[in-house]
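Enquirer:
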Amino acid sequence: MAQMMDRTIHVRFDGRSEEMSFAQLNLGSDASNTQIKRSVANYFDLPSRSFDEHVIVRTDNAIILRPEAIYG
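Counting from 1, one number per residue, gives the positions in the sequence shown under the working numbering.
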């Protein structure tokens, strides 16, 4: 659990990128995508559903919360 708590969440929204830890968001190692999105919205003082359309990408070292890519 401690390893996951040290992981970084990269957030991309509104033309900017921010990084924060699971600990800053009060998230545990078993946090769902919905919990992550709600916690990030709360962190930025935004409505709880502000990141509902964003995509979460999980890597070995971090979690990325970003807008959905549109191709074409």
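Note that the Cβ used here is the ideal one computed from N, Cα and C, for glycine as well.
None of the values given here were measured: they were computed from a predicted structure.
Provide the residue span of the beta strand (DSSP E) that contains Ala78, from first to last.
Expert: Not covered by the structure: residue 78. The range shown for the chain is 1 to 72.
Enquirer: What did DSSP end up calling Thr8 once you bin it into helix, strand or coil?
Expert: Residue state, collapsed to three classes: strand.
Enquirer: With which residues is Met18 paired in a DSSP beta bridge?
Expert: The question names Met, yet the displayed sequence has Glu at residue 18. Per DSSP, Val11.
Enquirer: Would you mind reading off the limits of the alpha helix (DSSP H) that contains Ile36?
Expert: From DSSP, the alpha helix (DSSP H) with Ile36 extends over 33-43.
Enquirer: When the Cα atoms are used, what is the spatial distance from Ile64 to Val55?
Expert: Taking the straight line from one Cα to the other gives about 8 Å.
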